[in-house]
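Under my numbering, the first residue of the sequence shown carries the number 189, and numbering increases by one thereafter.
Just so you know, even glycine gets a beta-carbon here, dropped at the ideal spot from N, CA and C.
First the structure, in the form of structure tokens, and then the observations on it.
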Amino acid sequence: MVSTSTSCSWSPVTEYGSLSVVLPTRYQGPLLEYVELAARCEGWGYDGVWATEVAGADAFVLAAACGLATQRMTVGTGAVAVGIRSPAMIALSAATTSALVPGRFILGLGTSTPAIVTGWHGQPFEAPLRRLDATVDVVRAVLAGRESSGNSPLAPGSGFRVEIDPLPAPAPIYTAALRAASLRLAGRQADGAILTLTDPAHVGWQLGQIHSSEAVEGSTRAVVYVRCCVTEDPDGARSWMRRELAWYSTSSAYREHFASMGYEQAMHDIAEAWRRDRSVDGVAGLVPQTLIDDLMLAGSATAVSARLREFWEAGADDVALYPISADGSCRASDLAATLSRLAKALR
């Protein structure tokens, strides 16, 4: 039986802004432990939980389960790849989750990468941002009770309508964004932007790109995923982060993102090494230590919480903690230790 928290004992973690939790892409142990972790986070004062999706779990199912185990927190998918589900299927899953947790679901969508969309799912990774743009149009229409139109070849299918009665209120739609084009798309098209693997200095530039495209200034919220670990062994956490960044750097989109943060030469060297050997281990040694230090907040709860505040000061609306343990594991018990200690340190 999944435990639930009680809303009467809740108080917010921090006055700086919203504070959420990101469930990891890889799970070690029963999934129900992560649902129970979400319920515990609500009791600690966290405002929301985001279910990621790579190959660890279905994001919609996990978000719904977390929503049913909590009473107040928002639950979101962060982010579902538009290239591996039809717009109609995305809309149906979003409407179902919204019906189960009324008023608390956020639909996070993204482009993902060729390795996932084409390599794993056998779907073409073509015009990814235009596909995301077109998918948001269709999903918004269907969530509002209209039929899908099939006007774009990048978001095919027509005549679909969700038959949930009563139809829940449409969920807010957030889009994952890294570089200028995706940031401007979020400002123009989405209710929020999901930013990841960024630092406070770069967040300011990213927000400028988002706001430049907003129809109404300040209408697009920004949630920033931040890797963190409260530990007496920060070097262990940074060692895990080195391999994590090496894996991300095999994607040209992330290389360009890191280059825009001032790591042009390192990303050039990584691209050459990846083309030559196709080895993540070979790439790992080329990841700059300063990039690791910027993107992996590791150390005491006091030190980590001080750096987290910099993201709110940079303009983030919601800081979403992506916890790991010092050995890089994703065991729910280890993640709970970091999250509970940071909840206390941020008060």
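Applying the criterion that 16 or more other CB atoms from any shown protein chain within 10 Å of the CB defines a buried residue, is Gly-432 buried or exposed?
-> As a position in the sequence shown, residue 432 is number 244, starting the count at 1. The sequence given here places Glu at residue 432; Gly does not occur at that position. Classification for Glu-432: buried.
Beta carbon of Leu-297, beta carbon of Ala-267: below 7 Å?
-> Within the sequence shown, residue 297 is the residue found at index 109, counting from 1. Within the sequence shown, residue 267 is the residue found at index 79, counting from 1. Yes; because the gap between Cβ atoms is below 7 Å, this pair is in contact.
Could you check the C-alpha separation between Tyr-442 and Ala-374 for me, to the nearest Å?
-> The residue you call residue 442 lines up with position 254 of the sequence shown. The residue you call residue 374 lines up with position 186 of the sequence shown. If you draw a straight line from the Cα of Tyr-442 to the Cα of Ala-374, it comes to about 17 Å.
Below 7 Å between beta carbons: does that hold for Ala-508 and Tyr-413?
-> As a first step, residue 508 is located in the sequence shown; it is residue number 320 there, counting from the start. As a first step, residue 413 is located in the sequence shown; it is residue number 225 there, counting from the start. It is a contact, given that the beta carbons lie within the stated cut-off.
Beta-carbon contacts of Ile-458 that lie in its chain and below 7 Å, excluding the five residues immediately before and after | If you number the sequence shown from 1, residue 458 lands on position 270. Ser-437, Arg-443, Val-471 and Leu-474.
Return helix, strand or coil for Arg-443, following the three-state DSSP convention.
-> Numbered from 1 along the sequence shown, position 255 holds the residue referred to as residue 443. DSSP places Arg-443 in the helix class (H, G or I) of the three-state scheme.
Take Thr-408 and list the residues in its own chain whose beta-carbon comes closer than 7 Å to its own, dropping the five residues that flank it on each side.
-> Counting from one through the sequence shown, the residue named residue 408 turns up at place 220. The residues Ala-374, Gly-375, Ala-378, Asp-379, Gly-380, Ala-381, Ile-398 and Glu-402, in chain order, have a CB closer than 7 Å to that of Thr-408 in the same chain once the five nearest residues on each side in sequence are set aside.
Pro-511 bridges to which residues according to DSSP?
-> Position 323 of the sequence shown, counted from the start, is the residue given in the question as residue 511. According to DSSP, Pro-511 bridges with Cys-416.
Between Asp-387 and the rest of its own chain, which residues show a CB-CB distance below 8 Å, the 5 nearest in sequence each way excluded?
-> By one-based count along the sequence shown, residue 387 stands at place 199. The beta carbon of Asp-387 lies closer than 8 Å to those of Met-449, Asp-482 and Leu-483 in the same chain, with the five residues before and after it left out.
From the DSSP output, in three-state form, read off Ala-533 for me.
-> Within the sequence shown, the letter at position 345 stands for residue 533. Helix.
In whole angstroms, what is the alpha-carbon distance linking Ser-191 and Ala-447?
-> Indexing the sequence shown from 1 puts residue 191 at position 3. Indexing the sequence shown from 1 puts residue 447 at position 259. Low per-residue confidence applies at Ser-191: pLDDT is 37, beneath 50, and the placement is therefore not dependable enough to give any value.
Would you check if the stretch 244 to 264 and the stretch 300 to 317 touch, i.e. whether three or more CB-CB distances between them fall below 8 Å?
-> no
According to DSSP, which residues form a beta bridge with Phe-293?
-> Here the question's residue 293 lines up with position 105 in the sequence shown. Per DSSP, Val-263.
Is the CB-CB distance between Val-201 and Val-237 below 7 Å?
-> Counting from 1 along the sequence shown, the entry for residue 201 is found at position 13. Counting from 1 along the sequence shown, the entry for residue 237 is found at position 49. No.
Excluding the five sequence neighbours on either side, which residues of its own chain have a C-beta within less than 7 Å of the C-beta of Arg-280, listed in chain order?
-> For the purposes of this step, residue 280 is taken as the residue at position 92 of the sequence shown. Position check: residue 280 holds Leu in this sequence, whereas Arg was assumed. Correct list, in chain order: Val-350.
How do the stretch 415 to 422 and the stretch 484 to 503 stand: do at least 3 beta-carbon pairs fall below 8 Å, yes or no?
-> yes
When you compare each of Pro-302, Gly-406, Ala-524 and Val-411 to Pro-316 by their alpha carbons, which one comes out closest?
-> Here residue 316 refers to the residue found at position 128 of the sequence shown. Cα-wise, what sits closest to Pro-316 is Pro-302.
Could you name the residues that DSSP lists as bridge partners for Ser-206?
-> Start at 1 with the first residue of the sequence shown, and residue 206 comes out as number 18. In DSSP, Ser-206 forms a bridge with Asp-506.
Nearest-angstrom Cα separation, counted from Ser-300 out to Ala-502 = By one-based count along the sequence shown, residue 502 stands at place 314. By one-based count along the sequence shown, residue 300 stands at place 112. If I take the Cα positions, the gap works out to 26 Å.
For Tyr-451, does the three-state DSSP call read helix, strand or coil?
-> For the purposes of this step, residue 451 is taken as the residue at position 263 of the sequence shown. In this structure, Tyr-451 counts as coil in the three-state DSSP scheme.
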